[in-house]
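What follows is a set of notes on a single structure, which appears directly below.
Residue numbers (UniProt numbering), protein chains in the order written: chain A, 1 to 300; chain B, 1 to 467.
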């Protein structure tokens, strides 16, 4: 086994998906249409982000959880949407990431939050409760009973183990956020508007259907978000191919900039596509959606 | 794990997995081929939709498959540019790491049991596909209501990240059929320092001690630079091979720390190697606790015997103070405010040893040079802030004076206990268990051994140097 000095760069780099993993997903093999898988995964990342905010977790923990969540579904040996429920994987990824951080959270808190966010009546999320939150949702619709807690806790902890096994216990996720700040300082950019825009792009890219965080190293994500943010805010950066200083080539930069720019349009298209409907968050709902599509095809 | 290009598939392990799963994959592939066509189609559509937005960016990239794995520096295509070719710059290559599901433990044949620690048992095993000998450590699951034990997770996480020649190499994590069966596959090393010292007739030579200690310090310096505290350094957690190399092992207590430090448990480090601030209940501590353990290990290398063999926490504190002399407001300002220090009754010492930190009694280490004694005394300074960092230790004159550290290649070899036979269980204390209540200790009896409160509180029975 080769063990080179590049091991030292681990604190700045991530494991990336292989081309083989990217061209095969377990869900696709199980007959989930790629476009449906993309929608469900996108909603799942949004759910994770929202749950993290409700749990008052810092964004770095939430972001790491989203990367772990995303990795789980990739590749023929990853998780399948017809076997594991998105909502469970989202909750377990968040719980697991928080456990390893300086700010762990309890299974009860996680399950309370997910119960609320998944409530068909009280949830503020568009893809779960499309009709919107009523003035005063009745607590029964989102409160977790003791029995419910006990059974859901078992599911949470089982999925936690399954995530670990699926990822070979690799929980290492390096985020581009702090790297971007360092680069901004190096470039002599002191505009807080640029910094804010950089973070917005980096956080939005977490939800990217192009899986930017599992296909690109954090330094490339940082450089691209700076490039894009500086252009949007109208700050001139240094002349010359400064991105090469940060080990990013022009081609990769271009690809990532396009990917980040397309996020907003993609999110809008998703909302439009599912307008008034619920994005499946569980195995049963995925099955129902697949069945619905099959019936529609037959009907036509 | 491999630093080769991730396109290269030469890793024997990967090959093993592939062979094993070939048949089931064959079937999946056929199903996949159909899906792939759909995916490609969709990707092209997506790319077409995105195309308009590229106009505004400076460098419209080539249209590419949405799912293609973007630039891998190893297989990088030269940047196409309309401008004349410039001098190409060299970009940093990141290690290509991947993830994949854990293999099954059945890929290993267990040979013999090595030892049982507080965090699981270890056995020597053979990788069936490659024939390599490895150490297989089963993680202990504590059936906690919080799921996968965080100690086990931290052990894996820190070991995977702490890649260094002086830190034991975690190859992979394999699993059994039951959810609770999780095993760490590590490089096998022939010895642990504890067993080795026990079986040696004479201690290591001064030159050998320097080689060992500097390796331990190099490994620890790397750990600390990666924001990892080991929190259970002791001779039985230091592994040695027959090539004079020593590696830090057992990360069951290790964790990341931060600045400012997060809230940490005081229930760390095996009693004999536990720093005084932990014993006195400090709620905030840092890498200095590892340096104290290094001091204990240094002394143990010199004498072959654990330095401070306390029977319990109170006895441990008393043994420490007997060696170093009691803390004074000058040598350790602020120790009085530590939770367990309140009950501590100190003798009034008029003859406090000079120096800060004071030198340890010469008589205990007759064969140590002055520089060596100075290093040891600073490592065993009661005041954590007086202890040197691992980095500072490495530049200490002790390592540069004669006798020089012995080259690793010149190291003697020893018969391996772990290699062939079952290891004796020793009655050494274990690291404290996680989740225990931090004990409320009454240190009133640290000095004198009898319950105080009978009016003899100051200095009664205390002897500064037990010799």
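We put the CB at the ideal spot given by N, CA and C, even for glycine.
Predicted model only: the values in this text are computed from it and were never measured.
The beta strand (DSSP E) spanning residue 135 of chain B covers which residue range? Taken as a continuous stretch (DSSP letters only), the beta strand (DSSP E) holding residue 135 of chain B covers 133 to 138.
Pairs of beta-carbons, one from the stretch 189 to 204 of chain B and one from the stretch 287 to 305 of chain B, closer than 8 Å: are there three or more? Yes: the two stretches touch, three or more of their Cβ pairs being nearer than 8 Å.
Quick one: Cα of residue 102 of chain A to Cα of residue 358 of chain B, how far? Roughly 37 Å separates the two Cα atoms.
With DSSP as the reference, label residue 372 of chain B as helix, strand or coil. Residue state, collapsed to three classes: helix.
Assigned secondary structure, residue 17 of chain A (DSSP; H/G/I helix, E/B strand, else coil): Reduced to three states, the DSSP call for residue 17 of chain A is coil.
State the CB to CB distance for the pair residue 51 of chain A and residue 94 of chain A, rounded to an integer number of angstroms; the pair is presumed to be in contact (CB under 8 Å). About 6 Å; that satisfies the 8 Å criterion.
How would you label residue 288 of chain B, buried or exposed, when you count the other beta carbons within 10 angstroms and need 16 or more for buried? Of the residues assessed, residue 288 of chain B falls on the buried side of the cut-off, its CB having 16 or more other CB atoms within 10 angstroms.
What separation, rounded to the nearest whole angstrom, lies between the Cα atoms of residue 140 of chain A and residue 91 of chain A? Going by the C-alpha atoms only, they are around 21 Å apart.
Which residues mark the beginning and the end of the alpha helix (DSSP H) in which residue 319 of chain B is found? Per DSSP, the unbroken alpha helix (DSSP H) holding residue 319 of chain B starts and ends at 313 to 324.
On the DSSP bridge list, what partners appear for residue 109 of chain B? As a beta-bridge residue in DSSP terms, residue 109 of chain B pairs with B/126.
Which of helix, strand or coil does DSSP assign to residue 337 of chain B? Looking at residue 337 of chain B - three-state DSSP - the assignment turns out to be helix.
Given 8 Å, three or more beta-carbon pairs between the stretch 149 to 156 of chain B and the stretch 248 to 260 of chain B: These segments touch.
For a minimum of 4 consecutive residues, which ranges assigned as the alpha helix (DSSP H) are wholly contained in the stretch 248 to 316 of chain B? As summarised for the stretch 248 to 316 of chain B, the continuous alpha helix (DSSP H) elements at least 4 residues long and confined to that stretch are 276 to 279, 288 to 303, given in chain order.
Can the beta-carbon of residue 301 of chain A be found less than 8 Å from the beta-carbon of residue 71 of chain A? Within the shown structure, residues of chain A are numbered from 1 to 300, placing residue 301 of chain A beyond reach of any answer.
Looking at residue 87 of chain A: is its Cβ nearer than 8 Å to the Cβ of residue 47 of chain A? Yes, these two residues count as a Cβ contact at 8 Å.
By the 10 Å Cβ neighbour count, where 16 or more other Cβ atoms means buried, how is residue 53 of chain A classified, buried or exposed? Residue 53 of chain A should be labelled exposed.
Partners in chain A for residue 155 of chain B, counting only beta-carbon separations shorter than 7 Å: Per Cβ cutoff of 7 Å: no residues; residue 155 of chain B is ~10 Å from chain A at best.
Output the distance between the C-alpha atoms of residue 133 of chain A and residue 117 of chain A, rounded to the nearest integer angstrom. Taken atom to atom, the span from the alpha-carbon of residue 133 of chain A to that of residue 117 of chain A is near 11 Å.
Under the three-state DSSP convention, the category residue 225 of chain A falls into: Helix.
What's the gap between the Cα of residue 268 of chain A and the Cα of residue 228 of chain A? A straight line joining the alpha-carbon of residue 268 of chain A with that of residue 228 of chain A spans about 20 Å.
Select from the stretch 226 to 245 of chain B all residues with a C-beta closer than 7 Å to any C-beta belonging to chain A, and list them in chain order. Cβ contacts with chain A: 226.
Contact between the stretch 259 to 279 of chain B and the stretch 177 to 185 of chain B: three or more CB pairs below 8 Å? Too few Cβ pairs lie closer than 8 Å, so no.
Mind checking whether residue 77 of chain A and residue 334 of chain B have CB atoms under 8 Å apart? In this structure, residue 334 of chain B does not lie closer than 8 Å to residue 77 of chain A by Cβ.
How should residue 185 of chain A be labelled, buried or exposed, when 16 other C-beta atoms within 10 angstroms of its C-beta is the threshold for buried? The residue in question, residue 185 of chain A, is exposed, as its Cβ has fewer than 16 Cβ neighbours within 10 Å.
Short-range partners of chain B found in the stretch 198 to 229 of chain A, where Cβ spacing is below 7 Å: Listed by position along the chain: 210, 215, 216, 217.
In three-state terms, what does DSSP make of residue 25 of chain A? Reduced to three states, the DSSP call for residue 25 of chain A is strand.
What does residue 91 of chain B reach in chain A if we use C-beta pairs closer than 8 Å? 244, 247, 248, 249, listed in chain order.
Using a Cβ cut-off of 7 Å, pull out every chain A residue sitting near residue 200 of chain B, in sequence order please. The premise fails here: residue 200 of chain B is roughly 31 Å from chain A at the closest Cβ pair, so nothing lies under 7 Å.
What is the DSSP secondary structure of residue 98 of chain B, counted as helix, strand or coil? Coil, per DSSP.
Just the Cα atoms here: how many angstroms apart are residue 433 of chain B and residue 263 of chain A? Each residue's Cα considered, the two are about 48 Å apart.
Minimum C-alpha distance to residue 228 of chain B - residue among B/283, B/162, B/174: Residue B/162 holds the alpha-carbon nearest to the alpha-carbon of residue 228 of chain B among B/283, B/162, B/174.
Can you look up residue 80 of chain B in the DSSP assignment and give me helix, strand or coil? Caution is warranted here: a pLDDT of 44 is assigned to residue 80 of chain B, below 50, making its placement in the model unreliable, and the coordinate value is therefore given only provisionally. DSSP places residue 80 of chain B in coil when its eight states are reduced to three.
Would you call the CB atoms of residue 173 of chain B and residue 248 of chain B closer than 8 Å? Not in contact: residue 173 of chain B and residue 248 of chain B (Cβ atoms no closer than 8 Å).
Under 8 Å (Cβ pairs) to chain B, residues found in the stretch 159 to 193 of chain A: Within the stretch 159 to 193 of chain A, the residues whose Cβ lies closer than 8 Å to some Cβ of chain B are 160, 161, 164, 165, 166, 167, 168, 169, 170, 171, 172, listed in chain order.
CA nearest to the CA of residue 483 of chain B, picked from B/394, B/138, B/392, B/125: In this structure chain B extends from 1 to 467, so residue 483 of chain B is not present and cannot be described.
Please list, in chain order, all residues of the same chain as residue 379 of chain B whose beta carbon is under 8 Å from its beta carbon, the five residues on each side excluded. Taken in chain order, the residues that qualify are 291, 292, 294, 295, 298, 387, 388, 393.
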